[in-house]
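Keeping their order, the protein sequence lines are chains A and B. Counting along the first sequence from 1, when you hit position 534 you're at 534 in the numbering used here, and nothing is skipped either side. Each number in the numbering used here corresponds to the 1-based position in the second sequence with 1000 added. All C-beta atoms, glycine included, are put in the ideal place defined by N, C-alpha and C. What you are looking at is a predicted structure, and each value in this text was computed from that prediction instead of being measured. Input: a single structure, listed below in structure tokens.
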Amino acid sequence: MDFTVGILLTTFLTSVLALFVFIASMAKGLFGSGGAAAVQIFDDGEMGTVEDPAATRAQRGSLQRAMDPGQHAARTSVDVAIRQRADQSSSLVVGVCLTLSVLWLVLASLAGLISSIKLHSPDWWVGMEWLTFGRIRPIHLNLVAYGWCSMAGIGVALWLIPRLLKTELVGARWALLGGALWTVGVVAGTVAIATGHSDGLEWLEYPWQADIPMVVGGALVGFPMWLTLLRRKVDHLYVSVWYIAAALLWFPILFLIANWPDLHFGVQQATMNWWYGHNVLGLWFTPLALAASYYFIPKVLGKPIHSYNLSLLGFWSLAFFYSQVGGHHLIGGPVPSWLITISIVQSMMMVVPVVAVAINQHLTVLGNFRALLYSPTLRFIVLGGMMYTAASVQGSLQALRSVNTVTHFTHYTVAHAHLGLYGFFTMVMFGAIYFIMPRVMKWEWPYPWMISAHFWLVVAGFGIYFVGLSFGGWYQGLAMLDKDIPFMDSVRLTLPYLQARSVGGALMTLGHLVFAVHFFMMGWKFGPRRLGAALLRPPVLLPGVGRGVGA
Amino acid sequence: MSAGVGRFEMDELRLVVGAMVILSGATALLVVLPYMLLKDEPPPPGLKPYTAQQLKGRQVYIANGCVYCHSQQPRDIAQAPDAQRGWGRAPVAGDYAYDTPHLLGTMRTGPDLLNIGARQPSRDWHLGHLYQPRAYTPGSTMPPYPFLFDVRQGAAQAGETVVTLPPAWSRPGQVVVARPEALALVDYLIALDRTYPALPPMPPLTKATP
């Protein structure tokens, strides 16, 4: 087929050409002085000073000693005041977004746990329509995606923007309005699924009436960012800004095209469905979490990321390759084969941005693993970063026809999806929230043991979840491919793995409850410890601990 | 590298333009091109449009999320033994000419259903199976759908469809009546039959003269 050959060749040549342009421009250093932009997140004299508001005073001391024992924070009072005002300017809208996200997280976890139990105990709780598996499962997915993940991502992004641009957030009320509209959309969409008014497409279940406030709200939360960008006081845009800006631009467009009523049809709708389904991960959630990890890892450690120019390559190649991988969800389906081939090729090309991010994040942390002992923020975010690498490599391999033939249509894919959105995204958000909330509330996390409990519960729970479901799904796939094994056997053999998943899911849910209780205790300024206006405090030397605790 | 500053430095404009160009490219490939290619794809001659009742049943299928466990896209025999399981031939785009929203599915917790109507044409079986799957398929993990049925003591009224359950699962004096949603859903399931040939028959070969 001439058309097929033509389109494959064009895509291939464009990709290779783009890659060469990148390599050439990198070699010539055309991206500008990476060093200056990389240290943009630090004030003068701040480098070498650790920052983790989630750590206890003792932990902070140990963290500082582990990183740079000789460092005396020497920021000017002007810089301290600028950051303090930046944090203050976003605190209301960030506090609201993160509070909503935690509520959604709890509800979403419960919906997920119920779905999980129903998969191995089908006669449990069957009387109520809205609790049937086919409704509570999409409720879980949508609450996770549009409730917890999106709200947390928006909150974290809005908090990062003024810090990254060293400017007060302008027009926070637009984001508040946007967040409110978004929430209306999520509530309406969830009720629609529960009452049987789903659109029927995975990731796009919310009917268009519920989508309108989400598109408008999604665009509105981007407003303050653009307004603040116009008044920025920094010369260079730090890598996190690109990710946030692009994500806030991409999402409303994706969501609008995907949900346009009466536009898509039949098989074309299926390709659109997975164009959206993968882009919402690649162009919405992933950039938000990468933006957070590109800020928090160097910030906590007090040292810039390993290679700034590499992050540029990572950004553009992520955008280019990730946006075309959706077709690999339809391998073996009734869709044009060129489309699937492009998606498989670009899935493999995803190795480029993943390696760029992996080198940057892991090499920044490498040699400083002791910091993970002391910094709660870092513990979550570094683990999340590792899961990103793992999920991405796994995803690339899963797109290969030979692997996909086994894993398609099985629980293996579900495990993979959770490695990305939970192991990576959610972990990074946990870390970010632990960092941000003390600044928003001007109150320390009351019980550090609850942070540890949260961490170990979700790590243990997710470990059981992922390992169990991956093996179960793989065996299920092999059984389905063997024509001599009756289909029912592929159902039966998954049961113990599905039960293990419920155990893991229960532990994760328990961890989230601990997190939520702790979050609201802090919200009500509960507990014995008070940080007070730590933000205002000029750098001090603590006797015995000895190092600066800057804002 | 001061020479390059300004030319390749990331600023707002380059960011927005680059992000939009890339998204447009991906959208053109994965959304617009399939749209143009498939827009005028004719339905195969053997495919009949759904009736109003079947479409109602399709809505029940969507509302209750059957798609989360059942695909509607058998794979080619070269890739998987779907045809040998009786799930049917590999479908073509035209097979879905009347399928909006699409229900291709991504999961096979249960079997593929694109040809369930050909494989299992019995209304009684489907009604009973929706009421209690384990009465028909031991070990099945499909949920029962009691809310699609009325269960009462005594006899059914005229015009009602009574579900006949296997003896082990029926209770004396109790009657299970299918609600309209259940009847519509079964009508849809029975209509799922793409066993006609995917391509129109070849024109007869003309004998070449020796």
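Please report the straight-line C-alpha distance between residue i and residue j, rounded to a whole angstrom.
i	j	result
PHE369/A	PRO376/A	13 Å
ARG85/A	GLU168/A	6 Å
GLN1073/B	LEU13/A	32 Å
VAL354/A	ALA390/A	9 Å
MET1020/B	GLY1088/B	42 Å
TRP445/A	SER307/A	33 Å
ARG231/A	TYR497/A	54 Å
PHE409/A	MET214/A	30 Å
SER601/A	ARG401/A	This structure cannot speak to residue 601/A, because chain A is shown only from 1 to 551.
PRO438/A	GLY423/A	24 Å
LEU249/A	LEU256/A	12 Å
GLN947/B	THR1206/B	Outside the modelled stretch of chain B, which goes from 1001 to 1210, sits residue 947/B, for which no answer is possible.
GLU1012/B	ASP44/A	25 Å
HIS416/A	VAL1151/B	41 Å
MET348/A	ILE331/A	15 Å
ASP1076/B	LEU1055/B	27 Å
ASP52/A	LEU481/A	50 Å
THR49/A	SER15/A	41 Å
VAL325/A	ILE1116/B	31 Å
LEU254/A	CYS149/A	17 Å
ALA1182/B	VAL96/A	44 Å
VAL1186/B	VAL467/A	38 Å
ALA432/A	ALA111/A	24 Å
GLN1120/B	HIS1126/B	8 Å
GLY473/A	ASP87/A	45 Å
TYR1096/B	SER90/A	49 Å
LEU419/A	VAL5/A	35 Å
LEU229/A	GLY127/A	53 Å
MET67/A	PRO261/A	55 Å
LEU8/A	LEU339/A	9 Å
Leaving out five residues before and five after residue i in sequence, what residues of the same chain have Cβ atoms less than 6 Å from its Cβ?
i	result
VAL241/A	LEU164
TRP182/A	MET214 and GLY217
TRP275/A	GLY326
VAL1067/B	LEU1103 and GLY1105
ALA534/A	With a pLDDT of 45 at ALA534/A, under the threshold of 50, the predicted position of this residue should be treated as unreliable, and no value is reported.
HIS1129/B	TYR1136
LEU378/A	VAL300, ALA371 and LEU372
Note down, in chain order, every chain A residue with its Cβ under 7 Å from the Cβ of residue i.
i	result
LEU1037/B	PRO336
MET1107/B	PHE409
ASP1011/B	LEU237
Chain B partners of residue i, CB-CB under 9 Å?
i	result
ASN273/A	PRO1101, HIS1102 and LEU1104
PHE430/A	Result: empty, since nearest Cβ-Cβ is about 27 Å, beyond 9 Å.
PHE20/A	Simply none; closest approach about 15 Å.
Could you pull the DSSP bridge partners for residue i from this structure?
i	result
PHE1149/B	ALA1178/B
VAL1162/B	VAL1177/B
PHE409/A	MET1107/B
Identify, in the order they occur along the chain, each residue of the same chain with its Cβ nearer than 8 Å to the Cβ of residue i, setting aside the five sequence neighbours on each side.
i	result
GLN1132/B	PRO1144, LEU1165 and TRP1169
TYR295/A	ILE41, LEU160, ARG163, LEU164, TYR238 and SER240
ARG135/A	GLU129, ILE193, ALA194, GLY196 and SER198
GLU202/A	PRO138, LEU141, ASN273 and GLY277
In chain B, which residues lie with their C-beta within 8 Å of the C-beta of residue i?
i	result
GLN269/A	THR1100, PRO1101 and HIS1102
PRO138/A	GLY1065 and TYR1068
Give the residues of chain A in contact with residue i, contact being defined as C-beta atoms less than 8 Å apart.
i	result
ASP1193/B	What ASP1193/B touches in chain A: nothing, since even the nearest Cβ is about 16 Å away.
THR1137/B	MET488
ASN1064/B	GLU129, THR132, GLY134, ARG135 and GLY196
ASP1187/B	In chain order: nothing, as chain A lies at least about 18 Å away.
Within its chain, find whatever has a CB closer than 7 Å to the CB of residue i; leave out the 5 residues flanking it on each side and keep chain order.
i	result
ARG1058/B	TYR1050 and TYR1188
THR11/A	ILE342
GLY511/A	HIS454, LEU457, VAL458 and GLY461
PRO298/A	ILE41, PRO304, ILE305 and THR364
LEU1038/B	ALA1093
ALA55/A	LEU63, TYR374, SER375 and PRO376
TRP124/A	ILE117 and LYS118
GLY527/A	PRO446, TYR447 and MET521
At 7 Å on the CB atoms, spell out the chain B contacts of residue i, in chain order.
i	result
GLY333/A	GLN1073 and LEU1104
If the cut is a Cβ gap below 9 Å, which residues of chain A does residue i touch?
i	result
GLN1084/B	LYS483
With a threshold of 8 Å, are at least 3 pairs of Cβ atoms found where one atom belongs to the segment 111-122 of chain A and the other to the segment 505-523 of chain A? Yes, since at least three Cβ pairs between the segment 111-122 of chain A and the segment 505-523 of chain A fall closer than 8 Å, the two stretches touch.
Is there contact between the segment 289-297 of chain A and the segment 417-434 of chain A, where contact requires at least three CB pairs shorter than 8 Å? Yes: the two stretches touch, three or more of their Cβ pairs being nearer than 8 Å.
Does the count of Cβ pairs from the segment 212-226 of chain A and the segment 168-177 of chain A closer than 8 Å reach three? Judged by Cβ distances under 8 Å, the segment 212-226 of chain A makes contact with the segment 168-177 of chain A, as three or more pairs qualify.
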